[in-house]
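**Student:** Below you will find the structure I want to go over with you.
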Amino acid sequence: MNAKTRQRVTAAGLLVTLGIVYGDIGTSPLYTMKTIVEDNGGLASVSRDLIFGAISLIFWTIMLLTTIKYVVIALKADNRGEGGIFALYTLVRKRKRWLIVPALIGGAALLADGTLTPAVTVTTAVEGLKGMHFGSIIPISAQSEVVIVTMVVLLALFSIQRFGSEWIGKSFGPAMFVWFSFLGVIGILNIAGNIEILQALNPYYAIHVLFSPDNKVGIFILGSVFLATTGAEALYSDLGHVGRFNIYNTWPFVFLTLTLNYLGQGAWIINNRTATIANLNPFFEIVPAPIRFPAIILATVAAIIASQALISGSFTLVAEAMRLKILPRFKVLYPTQHRGQLYMPSINWIIAAVTLSIVAFFQTSAHMEAAYGLAITVTMLMTTILLYQYLRMQNVKRVFAIGLVGFFGTLETLFFIASLVKFIHGGYVTVIIAGVILLVMFIWHHGKYLRESEDYSVEYASLYAYKDQLNKLAEDNNYDVYAQNLIFLVNVKNNTDIKKEIMYSILDKRPKRADIYWFVSVNVTDYPDTAEYSYEKFGEHVMLININLGFRRNQSINIYLRQIVNDLMKNKIVHKQPQKYTTIPNRQVGDFMFILIHEELSPESELKWFDKWVIQSRFWLERVSSSQKTWYGLDYSDVVDETVPLQLGFRKHIKLRPIEREDNISENEIK
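Residue numbers (full-length UniProt numbering): 1 to 671.
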C-alpha cells in the first residue's frame, strides 16, 4: 500500500485495517477479565465494587494509553508513513546519541512480546473447547490435549509463512469485522441483564478499587488490567501498512465493541457470582450455549489472525533493525508481489521454536497470562522517552511536552511496577528472551562503534589518487582480463575516499585487470521507500556509484547494478561491451565479478578484554547470520571472497636494534 493509497479512506482499506492492526488488542477480551477474576480468588470471591473498578480501569487504560497516547499523539510521529519504535528512533536519533539505548531496549522487549502473544491467544481460544460435548464425545477433555492442539495450530501457522500467507491475509479484514461485531453484540446482550454496569465508566471506580479491601491484590491489579492494552504498541508499528486515517476511522468502532464486551463480561460476573464453574472464562460464559461452539471457532480464527499479524510484524521489525544496523543481516524473501509481505526463514523458525517452547513450558493460558505484559510495559516506556524528543523536535513547548510525557510516563511506570510481580510467575521468561535479543543488538551496534572508533590500521585512499593507475591497468595488454566488470562494495568517506585495502586487492596481490572498475556504495536512508542512485566517473574505466535505498528496501545489488549499467550505457556515460559468445541476442554488457572483502581480528590488536569479546562476538554473528553474498542478492553471481586482518587499538611495536660486531664478539666470549 503506497503513501497515496494509505491516505485514501475506502471500505476495503477499513477492512484491511481491521485485519492487520487490531489483532492483538482485539483478542484481549479472551483473557483479561479471566485473569483479574483468578487473581482475586475466583468467581465466588469477587464483589460488585471490584468488578466495577476492574471494568473502569480497563476502559480508562484503553482510553488514555491506546486512544490518547497512541492514536491521537504517536500516530503523528511517522517516518514517511512508517510507525513503530524504530521509525520513531530514526526521526529523533540526531538529537541525542544516547537515544539508541531506549530504542534497543524497546525493540528487544517488543520482539520478546511477539513470541508470547501467539502462545497465549491461541491457547486461550483452544481451551474454550475443553470439556465441550459433541453428542457423547468430548474431543478435548484434558489440558495435555489443549497443548497438543495449540502446538499443531501454531506449527501450521509458522509453516505457511514461506508462502506469504496471502490467502490468510485476504480473509483478515472480513473475519475481524465479524469478530468485533460479535464482541459488541454479545456484550450488549449481557449488559441488558444488568444495566447498572454502565456506571463502571465513571473513573471514580477505577481509582477507588486500587485502595479497596475488595481488591485482594492492591495495585498489582494493574498488571492484569494492562493485558487489555498490550496491542497499542503493535497498532503504532502497523501504521505503515494501512495509514493514519484508516486507523482514525476504524478505532472508534473497535474501541466501542471492546468496551461493550468488557461491560458485558462485568455484568455476567456480577449476576453469577454464586455459580460454580470449572475452568471459568467469562468471555465464553457470556456467549449463549447454542452458539458457543461457533464462538470458540471464531475466537480461534481471531487468535490465529492476531498471531499472524504479530509474526509478520516481527519480520518487519527485524528488517527495519537490520537496515538501521541494529541487528545482523538475516535472509529476507518476498514470497508475493507485495513488498510488505516479507519472509525471513531463520527468524520465522527462531520465533516458532521459542513460541512452541513457551506453550510446552507454561502448559495453561493462566500460567502464560501471569507472565504476559511485563515486556510490553518496557516498550511503552521507551516509546514515551523517544516521543518526548519528537515533541521537542516539533517545537512543542517544553512545559507541555514534559507534562504530557510525564503523565504517560508515570502511568506506564505504575503498570511496569504492577507487572514486576509477574517476574516470579513466569515473566522472567520474557525478560530472558528480551535480554538475549538486547545482547545481540548491543554486540552488533557497539561492535560497529568500536570498529569505527578504534580502527588504527585502516587507511583511506582517494580515487583521484589511483584513477591513473586503474585506467592504465585496464588498458595494459600485458595482463589477462580478470573480469570485464569488477565490482567492490565500499564505504565512501569525503565523497571519493575508500579503504586502501581495496586498492591493495586490485594492484598489489596480483593486478586485477578489468574493463570497468565499479566501486559501489549502498546507503540506507531514513525514509522507507527511497530507490535512487548517483554516479561519478574517474576516467574511461573507473566508476563510483552511490545507491540510496530506503530502510525497508531489500538490497539486491546485482539487480540494481545491472539496471544502472544499462542506464549509463544507454546515455553513453560508459562504453558498451558487445559479447561475441552469448545466449542473449545483441548483448552489450559483459560479465560481472564481485570482490567481497572480509575482516578477521588481527592478533596485533590491543583491546580491553570486553571490547575484544564484543568484536569477536560480532564476527561470530556475521558468520551465523546471512552472509554478505546472500544479503546483497549475490548467491548466483560470480563472487570472490578475500580476507584481510582488522587491527583495532594501538599497540606500540618494539623496534629491534641491530647487534654490532663488537657486541656479538663480547657475547661469544662470555659464553
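We treat Cβ as the ideally placed atom computed from N, Cα and C, and that holds for glycine.
All of these numbers come straight from a predicted model, not from anything done at the bench.
Checking the sheet assignment: what are the DSSP bridge partners for HIS598?
**Tutor:** The partner list for HIS598 (beta bridge, DSSP) reads THR643.
**Student:** Nearest by alpha-carbon distance to LEU198: which of THR496, PRO252, ASN261, GLU233 is it?
**Tutor:** Taking only the C-alpha atoms, the option nearest LEU198 is ASN261.
**Student:** By alpha-carbon positions, which one of PRO118, VAL399, HIS575, HIS541 ends up nearest to LYS467?
**Tutor:** Nearest option by C-alpha distance: HIS541.
**Student:** Tell me SER534's beta-bridge partners as DSSP assigns them.
**Tutor:** Partner(s): ASN546.
**Student:** Under a Cβ-count criterion, where at least 16 other Cβ atoms within 10 Å of its own Cβ denotes burial, should ASP238 be classed as buried or exposed?
**Tutor:** By the neighbour-count rule (16 or more Cβ atoms within 10 Å), ASP238 is buried.
**Student:** Can you find a CB in chain E that lies within less than 7 Å of the CB of PRO290?
**Tutor:** This model lacks chain E altogether, as it is built from one protein chain only.
**Student:** For GLU475, name the three-state secondary structure that DSSP assigns.
**Tutor:** It is coil, neither helix nor strand.
**Student:** Which one or two residues does DSSP pair with LEU486 in a beta bridge?
**Tutor:** DSSP, once it has assigned bridges, lists TYR517, MET593 as partnering LEU486.
**Student:** In this structure, does DSSP put ALA434 in helix, strand or coil?
**Tutor:** Looking at ALA434 - three-state DSSP - the assignment turns out to be helix.
**Student:** Going straight from the alpha carbon of LEU157 to that of LYS570, what length do you get?
**Tutor:** Answer to the nearest angstrom: the Cα atoms are 47 Å apart.
**Student:** Does the distance from the CB of ALA303 to the CB of THR17 come in under 7 Å?
**Tutor:** Contact: no.
**Student:** Tell me which same chain residues have a C-beta within less than 8 Å of the C-beta of GLY83, skipping the five on either side of it?
**Tutor:** Correct list, in chain order: ALA74, LEU75, ALA77, TYR236, SER237, ASP238, LEU239, GLY240.
**Student:** Do the stretch 95–114 and the stretch 434–446 make contact, defined as three or more Cβ pairs closer than 8 Å?
**Tutor:** Yes, since at least three Cβ pairs between the stretch 95–114 and the stretch 434–446 fall closer than 8 Å, the two stretches touch.
**Student:** TYR614 and ILE376: beta carbons closer than 7 Å?
**Tutor:** Checking the sequence shown, residue 614 turns out to be Val, not Tyr. Not a contact, by the Cβ cut-off of 7 Å.
**Student:** To test your reading of the DSSP string, which unbroken beta strand (DSSP E) runs of 3 or more residues are found completely within the stretch 56–85?
**Tutor:** Here no run is fully enclosed.
**Student:** How long is the line joining the alpha carbons of ARG292 and GLU233, rounded to whole angstroms?
**Tutor:** Rounded to whole angstroms, ARG292 to GLU233 spans 31 Å at the Cα level.
**Student:** Answer with buried or exposed for TRP620, where buried requires no fewer than 16 other C-beta atoms within 10 angstroms of its C-beta.
**Tutor:** Exposed, because fewer than 16 other Cβ atoms sit within 10 Å of the Cβ of TRP620.
**Student:** Closer than 7 Å by C-beta to ASN271: which residues in its own chain qualify, once you throw out the five before and the five after it? Chain order, please.
**Tutor:** For ASN271, where only same-chain residues beyond five positions count, the Cβ hits under 7 Å are GLY193, ASN194.
**Student:** Identify, in the order they occur along the chain, each residue of the same chain with its Cβ nearer than 6 Å to the Cβ of ASN546, setting aside the five sequence neighbours on each side.
**Tutor:** If we look at ASN546 and ignore the five residues flanking it on each side, its Cβ neighbours are SER521, SER534.
**Student:** Note down, in chain order, each residue of its chain lying with its Cβ closer than 6 Å to the Cβ of ALA295, except the 5 sequence neighbours on either side.
**Tutor:** Once the five neighbours on either side are set aside, the close Cβ partners of ALA295 are VAL287.
**Student:** Need the endpoints of the alpha helix (DSSP H) that ALA112 sits in, please.
**Tutor:** Its alpha helix (DSSP H) spans residues 100–127.
**Student:** Quick one: Cα of LEU155 to Cα of VAL354, how far?
**Tutor:** Going from the Cα of LEU155 to the Cα of VAL354 covers about 11 Å.
**Student:** Should the stretch 33–42 be regarded as contacting the stretch 241–259, the criterion being three or more beta carbon pairs within less than 8 Å?
**Tutor:** No contact exists between the stretch 33–42 and the stretch 241–259.
**Student:** What are the boundary residues of the beta strand (DSSP E) that LYS608 is part of?
**Tutor:** Counting along the chain, LYS608 falls outside any beta strand (DSSP E), and DSSP gives it neither H nor E.
**Student:** May I ask you to check if the CB of GLU459 is nearer than 6 Å to at least one heavy atom of the ligand MN?
**Tutor:** In terms of ligand content, the structure shown is empty, and the ligand MN therefore cannot be addressed.
**Student:** Measure the C-alpha to C-alpha separation of GLN628 and TRP609 and round it to an integer number of angstroms.
**Tutor:** In a straight line, the C-alpha of GLN628 is about 27 Å away from that of TRP609.
**Student:** Assign PRO328 to buried or exposed, taking buried as 16 or more other Cβ atoms, counted over all protein chains shown, within 10 Å of its Cβ.
**Tutor:** Buried: at least 16 other Cβ atoms inside 10 Å.
**Student:** From LEU463 to ARG97, what distance separates their C-alpha atoms?
**Tutor:** Roughly 32 Å between the two C-alpha positions.
**Student:** Checking 7 Å against the spacing of the C-beta atoms, do LYS216 and ASN79 come in under that value?
**Tutor:** No; because the gap between Cβ atoms is not below 7 Å, this pair is not in contact.
**Student:** Applying the 10 Å Cβ sphere with the 16-neighbour rule, what's the burial state of LEU561?
**Tutor:** So LEU561 counts as buried.
**Student:** What is the DSSP secondary structure of THR630, reduced to helix, strand or coil?
**Tutor:** Helix.
**Student:** By Cβ distance below 6 Å, which residues in the same chain neighbour VAL153 in space, the five residues on each side in sequence not counted?
**Tutor:** The answer, listed in chain order, is VAL122.
**Student:** Which class does LEU656 belong to by DSSP, given the choice of helix, strand or coil?
**Tutor:** Three-state DSSP puts LEU656 in coil, outside helix and strand.
**Student:** Is it buried or exposed, ILE659, if we count other Cβ atoms within 10 angstroms and call 16 or more buried?
**Tutor:** The residue is exposed, with fewer than 16 neighbouring Cβ atoms inside 10 Å.
**Student:** Terminal residues of the continuous alpha helix (DSSP H) containing SER314?
**Tutor:** First-last of the alpha helix (DSSP H) with SER314: 292–323.
**Student:** Using the three-state DSSP reduction, which class does LEU333 fall into: helix, strand or coil?
**Tutor:** Three-state result, LEU333: strand.
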